[in-house]
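A quick write-up on the structure given underneath.
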Ligand SMILES: [Zn+2]
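Residue numbers (the UniProt record's numbering): 1 to 343.
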């Protein structure tokens, strides 16, 4: 009997060890691995918070075709770093130990905005191993959620010390997806449409992009970022809207596959792919299994997670937004090529 228990225990240990192997495989072999070096984003990543971005977000409302975080005059719209210590800061950008992200809420948020921020965190807690918890005196590194009139923005990953996530109130807080989006930057993720292999899935219509904003569509470096095995994900909460940074209202991002209508730029909640990537980054396969049925989550990475249906009470309201529907009509997507098909 004892021998049986011993054998079972050893099998359990081996199984636990095996669960960690795919992560190592991903890190070594997958296309992109999210690293702290964001130097490819150029000097715009150090842009100071500015009121121009805030004024643009002030004009935003829920009927807008694009998302408020796509209005910022920052790197890719909403990514920024403090100016001091440029390269050092970049090099130190990293994951949050054990997925714990201490935070303070320092902005002037009305109760609805606060609820959406808290709901965003609850959705992280439900579907990932990220743990937002109030900053304690022993926490050196934390995010301060502020509400300056400078738009929606965040740094990418843990940069050390206090780092701000700005959620202009109410422009950046009226949909739960915008806090989810900015917090996913803070957790360590860049924009989906800037994945290095995105040209296989979308065409960037450079002629429709506002002059001076072309760099928002620069691709990430293949050696510095990873998709954690999740195929290009049109439904990612980190994907821009199809008309982001458009000068003329025409699409700036056009899916190559027009057979299915897809919601690029959705801010209703995580896609399954988002959940898979977060849980791979933070070594938490069991949460992915709970949502997708497999710990790599790839099969359903392009469909929205249950989180959207169960946690987002505004989903129906948002789906009925006529402008969003028009945008969806224009922008057809969903393209899940297998790696073999890609090239
Ligand atoms: Zn963003």
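All residues carry an ideal CB built from backbone N, CA and C; glycine is no exception.
ask   = Per DSSP, which one or two residues make a beta bridge with residue 152?
value = Answer by DSSP bridge pairing, in chain order: 167.
request  = Could you tell me if residue 153 is buried or exposed, where buried requires 16 or more neighbouring beta carbons within 10 angstroms of its beta carbon?
outcome  = With a threshold of 16 other beta carbon atoms within 10 Å, residue 153 meets it and is buried.
request  = With hydrogens ignored, establish whether the beta-carbon of residue 79 is closer than 7 Å to any heavy atom of ligand 1.
outcome  = Checking every heavy atom of ligand 1 against the Cβ of residue 79, one is found closer than 7 Å.
request  = Tell me whether residue 103 sits in a helix, a strand or coil according to DSSP, three-state version.
outcome  = Correct three-state label for residue 103: strand.
query = For residue 131, does the three-state DSSP call read helix, strand or coil?
reply = Collapsing the DSSP output to three states places residue 131 in a strand.
Cβ-Cβ distance between residue 70 and residue 172 below 8 Å = If you check the CB distance, residue 70 and residue 172 do not come in under 8 Å.
task = Examine ligand 1 and report whether any of its heavy atoms sits within less than 7 Å of the Cβ of residue 191.
result = Yes - ligand 1 has a heavy atom lying nearer than 7 Å to the Cβ of residue 191.
query = How far does the alpha helix (DSSP H) with residue 205 in it reach, from first residue to last?
reply = Counting along the chain, residue 205 falls outside any alpha helix (DSSP H), and DSSP gives it neither H nor E.
query = Taking the alpha carbon of residue 150 as the point to measure from, which residue in 161, 165, 186 and 141 has its own alpha carbon closest?
reply = Of the candidates 161, 165, 186 and 141, the one whose C-alpha sits nearest the C-alpha of residue 150 is 165.
request  = Taking residue 253 as part of the beta strand (DSSP E), name the residues at either end of that continuous run.
outcome  = Unbroken beta strand (DSSP E) run through residue 253: 253 to 255.
inquiry  = From the DSSP secondary-structure annotation, give me the bridge partner or partners of residue 146.
reply    = 166, per the DSSP bridge assignment.
Backbone secondary structure at residue 94 - three-state DSSP = Strand at residue 94.
ask   = Is the number of C-beta pairs between the region 189 to 209 and the region 233 to 246 that are closer than 8 Å three or more?
value = Taking 8 Å as the limit for Cβ pairs, the verdict is that the region 233 to 246 does touch the region 189 to 209.
message = Could you compute how far the alpha carbon of residue 87 sits from the alpha carbon of residue 159?
response = With a pLDDT of 26 at residue 87, under the threshold of 50, the modelled position of that residue is not reliable, and the figure given next carries that caveat. Rounded to whole angstroms, residue 87 to residue 159 spans 11 Å at the Cα level.
inquiry  = Let me check you understand the geometry: is the CB of residue 213 closer than 7 Å to at least one non-hydrogen atom of ligand 1?
reply    = False, no ligand heavy atom lies under 7 Å from that Cβ.
ask   = Does ligand 1 have even one heavy atom less than 7 Å from the beta-carbon of residue 73?
value = The answer is no for residue 73.
query = Any heavy atom of ligand 1 closer than 7 Å to the CB of residue 268?
reply = For ligand 1, not one heavy atom lies less than 7 Å from the Cβ of residue 268.
ask   = Is DSSP giving residue 66 helix, strand or coil here?
value = Residue state, collapsed to three classes: coil.
ask   = DSSP on residue 75, reduced to helix/strand/coil?
value = Three-state DSSP puts residue 75 in a strand.
key: Backbone secondary structure at residue 275 - three-state DSSP   = Looking at residue 275 - three-state DSSP - the assignment turns out to be helix.
task = For the alpha helix (DSSP H) holding residue 224, just list the boundary residues, first then last.
result = From DSSP, residue 224 is part of no alpha helix (DSSP H); its letter is neither H nor E.
inquiry  = For residue 169 and residue 230, what's the separation of their Cα atoms in angstroms?
reply    = The alpha-carbon atoms of residue 169 and residue 230 are separated by roughly 33 Å.
inquiry  = Could you check whether the Cβ of residue 76 sits closer than 7 Å to any heavy atom belonging to ligand 1?
reply    = Yes, Cβ of residue 76 sits closer than 7 Å to a heavy atom of ligand 1.
task = For the alpha helix (DSSP H) holding residue 190, just list the boundary residues, first then last.
result = Run containing residue 190: none; DSSP gives neither H nor E here.
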